[in-house]
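The listed protein sequences correspond, in order, to chains A and B. The first sequence begins at -7 in our numbering and counts up one residue at a time. The second sequence begins at 21 in our numbering and counts up one residue at a time. The beta-carbon is built from N, C-alpha and C at its ideal position, and this holds for glycine as well. Please read these numbers as outputs of a predicted model, since none were measured by experiment.
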Amino acid sequence: MELGDIIIKFILVVIIFAISLVVAMYSTYAERKIAAFFQDRIGPNRAGPWGLLQPLCDGAKMFLKEEIIPTNASAFLFIAGPSLAILTACLGSAVIPWGQNIQIGSRVVELQVADINVGVLYIFGVVSLGVYGVMIGGWASNNKYSLLGAIRAASQNISYEISMGLSIIALLMLTGTLSLRELAAQQHDWHWNVLRQPLGFLLFIVCAFAETNRTPFDLPECETELVGGYHTEYSSMKLGFYLFAEYINMFISSAVMATLYWGGYNYPGMDWVLVHTGPTIGPLIGVAVLFAKIFLFIFFFMWVRWTIPRFRYDQLMDLGWKVLIPLAIANIVLTGLISNYL
Amino acid sequence: MGIRYFVNINMNTFYFIAFLSIFFSILVITAKNPVHSILYLVLTFFTFTVHYILLNAQFLAVVNFIVYMGAILVLFLYTLMLINLNKDSEPVKSNMVKIAAVLGGGCLLVVLVGCLKQVGVADPVLLKDPGLGLVQNLGKVLFNEFLLPFEISSLLLLSAMVGAVLLATKDPKPKSV
């Protein structure tokens, strides 16, 4: 690897990192505006035009608030919890292909940080690691509500990981690759995987909701029963990290869903556009298409949040173990039969 | 020259990671708090993942990451959080038990040392096929050469799972007199 390549990768990492933070920041704004829209209110409109500076004000508020570490909490783990949550949230973006190779000057640049050939499994690993932040924080708080939240997070995460893995297996049987780059390239033009795996996508999106702790699966922070759940004792920017990690997770899982099932950066008629716009602008349009898909998914996350009420805990477990897992296994069998005999 | 340099980096990384593995596993058994000890175990397994990557076994590395760090240790942590870990309620072991444990551990150590003395110094591992640990090759080997053992081990896991469920379910019917 030349020095130039390393510098380009470094710039790419910084750009992706900045974009995920900005998207997460403005997701909080979007969430409040969308909630307001659904409830026939106006939403934040004081800071800046249309309240656009609201996320900055919230960030400043988080930084300036008093920082409290409970007396009997284990201080190191209390700080490690939110740090781990935001670290694992940011890790996932490394393997996502953001677009086709782009030509800048005389150099062809890959719009992906790391093309590892087990990319799908890497995403899966990062997701399964995400629960540690919640568990460690909840336990270290030395508070019964936090502990209950942490335990709920652990059991929920483990339960839905299984059906998530099974739904991906059916997809992999069709594509035959674990590299996200190849997966995206196979869905050229309009050959999106969702057309071949509609049930698999449905299972995957339900599990994605559960893994990101979004309503209707936000039992770890269920405020009607557990005060604030795992982050009851947290204040200031440490609380901010937990909330922020949730929005980054939402962004990354939207990107993963778009890449796995909705064609990633591909769109119908992309070859024609690529020929007519050249090798620099063409791939950038693909990136814009991918981001449009991601924003649609983020909107969907928020739409569901303000539409469907939270599950009861036994309903959550029943759905995971008695509905999703059998459906996912049936999906695998169906996929195998169809791809062999049709 | 370039390859030699790369190998040297790899060796140094290996020794560093191996040191970390041993360091964290010692912390696992010396930590006073069981939850801390599990967290050190998580770090130990993470260093194992790095070892697999150094050996170019990407699939094994990621699976180790998902299954051990992401699932099994989360369940360990989950169970520990539910148990009351007050120091006062811990049963104090008698001295006889401690002596027996030391003797048992010592015997295991002697056996291990005896085994390791037999082993000669291996040549540095040079893979004939550097892509050996990749998913495709691993899958081909598992489903051709080792198909029977692979399927039998899955049956073993299934029977263990059924057994666990059976043990966990309470008998719904009251015992007849």
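DSSP three-state label for residue i, please.
i	result
A:Arg24	helix
A:Gln46	helix
B:Val185	helix
A:Gln95	strand
A:Val14	helix
A:Val101	strand
A:Trp131	helix
B:His71	helix
A:Trp313	helix
A:Glu225	coil
A:Gly117	helix
B:Thr99	helix
A:Val219	coil
A:Tyr253	coil
A:Asp181	coil
A:Arg173	helix
A:Pro271	helix
A:Asp263	helix
B:Thr33	helix
A:Phe68	helix
A:Glu213	helix
A:Pro190	helix
A:Ala39	coil
List the residues of chain B that residue i touches, going by C-beta distances under 8 Å, in chain order.
i	result
A:Asn109	Gln78, Leu154, Val155
A:Leu121	Phe85, Met89, Gly90
Just to confirm before moving on: does the CB-CB distance between residue i and residue j stay below 8 Å?
i	j	result
A:Asn185	B:Val155	no
A:Gln189	A:Tyr253	yes
A:Glu213	A:Gly141	yes
A:Gly40	A:Ile128	no
A:Ser75	A:Phe243	no
B:Thr67	B:Leu40	yes
A:Ala176	A:Val126	no
B:Asn30	B:Leu74	yes
A:Asn93	A:Val87	no
A:Gly232	A:Tyr257	no
A:Phe193	A:Phe201	no
A:Ile317	B:Leu95	no
A:Ile240	A:Ala106	no
Going along chain A in order, which residues have a C-beta closer than 7 Å to the C-beta of residue i?
i	result
B:Val55	Trp131
B:Tyr98	Ile143, Ala146, Ser147
B:Val82	Val110, Leu113, Tyr114, Gly117
Exposed or buried, what is residue i when buried is set at 16 or more other beta-carbons lying within 10 Å of its beta-carbon?
i	result
A:Ala10	exposed
B:Tyr98	buried
A:Asn205	buried
A:Gln148	buried
A:Val123	buried
B:Thr189	exposed
A:Ser155	buried
A:Val112	buried
B:Ile172	exposed
B:Pro169	exposed
A:Thr251	buried
A:Arg173	buried
B:Leu61	buried
A:Arg33	exposed
B:Tyr35	exposed
A:Tyr333	exposed
Name the chain A residues whose beta carbon is nearer than 8 Å to that of residue i?
i	result
B:Leu95	Ala146, Ile150
So which residues of chain B does residue i contact, with C-beta pairs closer than 9 Å?
i	result
A:Phe29	Ordered by position in chain B, no residue passes the 9 Å Cβ test against A:Phe29, which lies about 37 Å from the chain.
A:Met309	Within 9 Å Cβ-Cβ: nothing; A:Met309 doesn't reach chain B, min ~14 Å.
A:Met127	Val94, Leu97, Tyr98, Met101
ask   = Relative to chain B, which residues along the region 140 to 154 of chain A have a C-beta separation below 8 Å, given in chain order?
value = If you check each beta-carbon in the region 140 to 154 of chain A against every beta-carbon of chain B, the ones closer than 8 Å belong to Ala142, Ile143, Ala146, Ser147, Asn149, Ile150, Glu153.
ask   = What residues in the region 72 to 99 of chain A have a beta carbon less than 8 Å from any beta carbon of chain B?
value = For the region 72 to 99 of chain A, which is checked against every Cβ of chain B, not one residue is closer than 8 Å.
ask   = Quick one, which residues of the region 33 to 53 of chain A are near chain B if we go by CB-CB under 8 Å, in chain order?
value = Interface annotation for the region 33 to 53 of chain A against chain B: empty, criterion Cβ-Cβ distance under 8 Å.
task = Compile a chain-ordered list of the residues in the region 226 to 255 of chain A whose CB is closer than 7 Å to at least one CB of chain B.
result = Listed in sequence order: no entries.
Residues of the region 165 to 189 of chain A with Cβ closer than 7 Å to any Cβ of chain B, in chain order = Of all residues in the region 165 to 189 of chain A, only Leu170 place a beta-carbon less than 7 Å from a beta-carbon of chain B.
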